[in-house]
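Trainee:
Residue numbers (UniProt numbering): 1 to 98.
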């Protein structure tokens, strides 16, 4: 397992009348995760991770984004509400592969 702690800007992505919030992994973290992947990939090239934002910890998957050139981390509405943050704020995330 690898873990990375970094500052990231939260941003909105709108699709199909839903709004999602994401943050980008730094390129060096994305490269390290990509290099460490073994065996078959999950759908869309997803990688299972545990994410910490403030006092909130949750499990999710990160996804490679060709447009952004890195993995993107979905941040749930419940996490945003619990931590009192919203786009375009900068937050500190800890991402650990599981």
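Glycine included, C-beta positions come from ideal geometry on N, C-alpha and C.
1. Output the residue ranges of the alpha helix (DSSP H) runs that lie fully inside the stretch 53-95 and measure 4 residues or longer, sorted by chain position.
2. Taking the C-alpha atoms as reference points, what is the distance between residue 84 and residue 8?
3. What would DSSP say about residue 36, mapped onto helix, strand or coil?
4. If you reduce the DSSP assignment to three classes, tell me which class residue 23 lands in.
5. Comparing C-alpha positions only, which one of 81, 70, 48 and 71 sits nearest to residue 97?
6. Could you work out which residue in 3, 53 and 94 is closest to residue 79 when comparing CA atoms only?
7. If you follow the beta strand (DSSP E) that residue 15 is in, where does it begin and where does it stop?
8. With a cut-off of 8 Å on the beta carbons, I'd call residue 68 and residue 24 a contact; round off their distance for me.
Mentor: On the basis of the data shown:
1. 77-83
2. Within the chain shown, residue 84 is the residue found at index 84, counting from 1. Within the chain shown, residue 8 is the residue found at index 8, counting from 1. Near 16 Å, if we compare the C-alpha coordinates of residue 8 and residue 84.
3. Start at 1 with the first residue of the chain shown, and residue 36 comes out as number 36. Helix, per DSSP.
4. Taking the first residue of the chain shown as 1, we reach residue 23 at position 23. Correct three-state label for residue 23: strand.
5. Position 97 of the chain shown, counted from the first residue, corresponds to residue 97. Answer by Cα proximity: 48.
6. Counting from 1 along the chain shown, the entry for residue 79 is found at position 79. The option with the nearest alpha carbon to residue 79 is 53.
7. In the chain shown, residue 15 corresponds to position 15, counting from 1. Looking at the DSSP string, the run of the beta strand (DSSP E) that includes residue 15 is 11-15.
8. To locate residue 68, count along the chain shown from 1; it is residue 68. To locate residue 24, count along the chain shown from 1; it is residue 24. The Cβ separation is near 6 Å, so the contact holds.
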